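In what follows, a structure is listed as structure tokens, so that the remarks can point back to it.
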Amino acid sequence: MYPQKKFRDGHRDLEMEICKLITELLGGLGTRFEAMKDNKFITKAILLDPRLKKHAFENELKLFQLTCRDIISEFVPFALK
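If you read the sequence shown in my numbering, its first letter stands for residue 1387, the second for the next number, and so on.
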């Protein structure tokens, strides 16, 4: 028996527990940061931060567009009227 197969067969429970842990962690992060979408100050800061802006709005096109519009209207209030 190959060592990899032997390891996998002996650790299926551990693998399932790790998958469960990852799922719970991702769910918890989603829940925790969901409230930040409602805070315009935070969404603007995220958009302006080059470390975050590529990932923060991946599945939120409408929020991205609204945040861009808010930032532009603050700097050029007459531009979007």
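Glycine included, every Cβ here is placed at the ideal spot set by N, Cα and C.
In this text the structure is predicted, and so the values were computed from the model without any measurement.
Within 10 angstroms of its Cβ, does Thr1429 collect 16 or more other Cβ (buried), or is it exposed? Counting from one through the sequence shown, the residue named residue 1429 turns up at place 43. Answer is buried; the Cβ neighbour count reaches 16.
Can you tell me whether Phe1443 is buried or exposed? The criterion is at least 16 other CB atoms within 10 Å of its CB, across all chains shown. For the purposes of this step, residue 1443 is taken as residue 57 along the sequence shown, with counting starting at 1. Phe1443 is buried by the Cβ-count criterion.
If I'm right that Leu1433 touches Lys1439 with Cβ under 8 angstroms, what's the distance once you round it to whole angstroms? Translated into the one-based positions of the sequence shown, residue 1433 becomes position 47. Translated into the one-based positions of the sequence shown, residue 1439 becomes position 53. Sure, about 5 angstroms apart at Cβ, within 8 angstroms.
Is Glu1446 helix, strand or coil when you go by DSSP? Here residue 1446 refers to the residue found at position 60 of the sequence shown. Residue state, collapsed to three classes: coil.
For a quick check, are the C-beta atoms of Lys1426 and Thr1409 less than 9 angstroms apart? Locating residue 1426 in the sequence shown gives position 40, where the first residue counts as 1. Locating residue 1409 in the sequence shown gives position 23, where the first residue counts as 1. For Lys1426 and Thr1409, no; Cβs fall outside 9 angstroms.
CB-CB under 7 angstroms to Leu1415, same chain, minus the five flanking residues each way: which ones, in chain order? For this step, residue 1415 is matched to residue 29 along the sequence shown. Nothing meets the Cβ criterion.
With DSSP collapsed to three states, give me the class of Phe1461. Within the sequence shown, the letter at position 75 stands for residue 1461. Helix.
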